[in-house]
Structure formats: C-alpha cells, structure tokens
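Trainee:
In this note's numbering, the protein residues as written are 142 to 191.
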C-alpha cells in the first residue's frame, strides 16, 4: 500500500509522510505542527520604480 501511495503521489508532485503509532484523536495528534512538513511558503519580489 505504501508503494502504491508513493507512486500515485509522484504523478502530481505531492509530498507523502508516514507517522507511526500516533493517536490522531488525542491532543498531541491534533498539533498544527504536523502540517509543517507539507506546507511551503514562497515569497515574491516585485521591483518598484525600475
């Protein structure tokens, strides 16, 4: 199953991470820091007056 998920994710450039033995319903499983592996922040620069 893991190989199938990785292959399908590679078709459209998705990141895949596996977390073993996490109880998603408990408080430590609800942390917003879990999504940090999947979030990418980009900045753009627009020159003014050039």
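Built from N, CA and C at the ideal position, the CB exists for glycine as well.
According to DSSP, simplified to helix, strand and coil, what is residue 178?
Mentor: helix
Trainee: Per DSSP, what kind of secondary structure is residue 188 in: helix, strand or coil?
Mentor: coil
Trainee: For residue 143, which residues of its own chain have a beta-carbon under 8 Å away from its beta-carbon, when the five flanking residues on both sides are left out?
Mentor: 159
Trainee: Which residue's Cα is closest to the Cα of residue 161: 175, 154, 148?
Mentor: 175
Trainee: Is the beta carbon of residue 154 closer than 9 Å to that of residue 147?
Mentor: no
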